Each structure stands twice: as structure tokens, then as C-alpha cells.
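Quick note, the sequence shown lines up with residues 46 to 169 if you use the working numbering.
The C-beta atom is built at its ideal place from N, Cα and C for all residues, glycine as well.
Since we're looking at a predicted model, the values are computed, not measured.
The structure under discussion appears below in the form of C-alpha cells.
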Amino acid sequence: MAAIGKRVEATAVRHGLNILWQPPAEPEAPLPVKEAAFRIVQEALHNVVKHARARNVTVRLEAVPGALLFEVSDDGACFEDEEPVAGHLGLQSMRERASNLGGQVEVVSVPGQGTTVRGRLPIL
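In C-alpha cells form, the structure reads like this:
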């Protein structure tokens, strides 16, 4: 998951964010699962930069028996996750990417506390 670490570092430098990232040991996961985790985290970071106006972000990745867990949380502006806005398919694509592998993504956004994107991808 070195690719996620590189994306985290590049995002922090380019956008002046304080990102807490502790790289996990490389998980024993099939390539499609690793690719999906990378793309979902990448999209979550893009949303932080584009919409949240956050200063602090935490990115977590953990392999547990049977699954790869991930979480991206920020201290920025929250949003309503009801209807997709035309041309804005990021949240939908994250959910579809996870669902295609039998996983799930949830987004929790709380006023004054920020947004958390967390998910689970099965490792078969």
C-alpha cells in the first residue's frame, strides 16, 4: 500500500494539509482489493481538498482477518449526503467500487466535526 502513502504525502505537501498516516504492513490482499482501496482513499482525499476546507486529516488502513479496512477523516466542513449532484460522482463511485468487490463504504458528516469516509473490502 505504498501507493496510498505516496498519495497521502503528495496531497499533504501540495495542499498544506496536516495528514496523520501510519503505514501498515503490506496486506495480503488481491490486487483488485488493493487497487480499490487506493482509488477510494484517493477520491476521499480529493474531496477533502476540493470541498472540506480541512486542515487536519487522518488516513488509516488495516488488514484484519478476511478484510481490508480503511478510513479517511477530516476536520473540515460537513455536507449533506443525500442526492448526488450532477457531475459529482465521487461518493457514488467509491460505494460502487467497494460494492463490486462485496465491500461497503459509509460516509458520516457531522457539523463542527468534519467528515469520515470508512469502508471494508473483503479479502477472499
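Asked                                                                                                  : Found
Given 8 Å, three or more beta-carbon pairs between the region 51-64 and the region 144-156             : no
Rounded separation between V155 and G164 - CA only                                                     : 17 Å
Alpha carbon of R196 to alpha carbon of E80, nearest angstrom                                          : The chain is shown from 46 up to 169; residue 196 falls before or after that span and cannot be answered.
Whole runs of the alpha helix (DSSP H) within the region 52-117, excluding any shorter than 4 residues : 76-92
Span of the alpha helix (DSSP H), counted from its first residue to its last, around L136              : G135 to S144
Helix, strand or coil at G50 according to DSSP, with G and I counted as helix                          : helix
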